[in-house]
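Residue numbers (our numbering): 204 to 336.
Beta carbons: idealized from backbone N, C-alpha and C, even for Gly.
Quick caveat: nothing in here was measured; it's all calculated off a predicted structure.
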Amino acid sequence: MQDLERRCFSTPWSEEQCRSAFTQPAFVAFGLMRGMNLIAYISVYHTANELEILNLGVVSEERRRGFGRCLLEMALRVAGKMGIEKAQLEVRESNHVAICLYQSCGFSKVGIRSHYYSDFGEDALIYACYVCS
Numbered sequence: 204m205q206d207l208e209r210r211c212f213s214t215p216w217s218e219e220q221c222r223s224a225f226t227q228p229a230f231v232a233f234g235l236m237r238g239m240n241l242i243a244y245i246s247v248y249h250t251a252n253e254l255e256i257l258n259l260g261v262v263s264e265e266r267r268r269g270f271g272r273c274l275l276e277m278a279l280r281v282a283g284k285m286g287i288e289k290a291q292l293e294v295r296e297s298n299h300v301a302i303c304l305y306q307s308c309g310f311s312k313v314g315i316r317s318h319y320y321s322d323f324g325e326d327a328l329i330y331a332c333y334v335c336s
């Protein structure tokens, strides 16, 4: 997972952050493999009725093939079966491809975190949607 983090994000999670996340009972990650290689994954954190989408990454050579949508829709379906009512995520304001994906899956912009990303001081857009059970 950490290798995919480095390949997908300008500020990837450290090895310790990845390892620590998996010790949390409310943390879940789903991945897609091609052979022995992890090509995409989504990680989430859930509470009683809310899902926070932490990361959704697809390696560059596998993008635009529907893998991100597949993982996002699957995570939302599982959340609905768990009785979760709302999903939320943060996305870089410059990540137009991801924003289009989220909007097409029912997410709407609900807020902004100004200068959230430390690498370039970019804003994070907060998106949320209601989860169908």
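Counting C-beta neighbours from all protein chains within 10 Å, is the total for residue i 16 or more, i.e. buried, or is it exposed?
i, result
"A229", "exposed"
"V315", "The sequence given here places Ile at residue 315; Val does not occur at that position. The residue in question, I315, is exposed, as its Cβ has fewer than 16 Cβ neighbours within 10 Å."
"V313", "exposed"
"R295", "buried"
"E208", "buried"
What is the rounded straight-line gap between the Cα of residue i and the Cα of residue j?
i, j, result
"M236", "F270", "10 Å"
"F310", "H299", "14 Å"
"L259", "A243", "8 Å"
"Y174", "C273", "There is no way to answer for residue 174, as the model of the chain reaches only from 204 to 336."
"C219", "A282", "Here residue 219 turns out to be Glu, not Cys, going by the sequence shown. Roughly 26 Å separates the two Cα atoms."
"Q227", "I245", "16 Å"
"C221", "D206", "11 Å"
"S217", "L241", "17 Å"
"N252", "A278", "14 Å"
"F233", "Q306", "21 Å"
"E288", "S336", "8 Å"
"E255", "C332", "11 Å"
"M285", "V247", "13 Å"
Since residue i contacts residue j with CB under 8 Å, what's their CB separation in whole angstroms?
i, j, result
"A290", "V334", "5 Å"
"E293", "A327", "4 Å"
"T214", "S321", "7 Å"
Run the proximity test for residue i: is its beta-carbon closer than 7 Å to any non-hydrogen atom belonging to the ligand ZN?
i, result
"R267", "With respect to the ligand ZN, the structure offers nothing, as it holds no ligand at all."
- request: Ignoring anything shorter than 3 residues or poking outside the segment 262-313, list the beta strand (DSSP E) runs there in chain order.
  value: For the segment 262-313, the continuous beta strand (DSSP E) assignments of 3+ residues that do not extend past its boundaries occur at 289-295, in sequence order.
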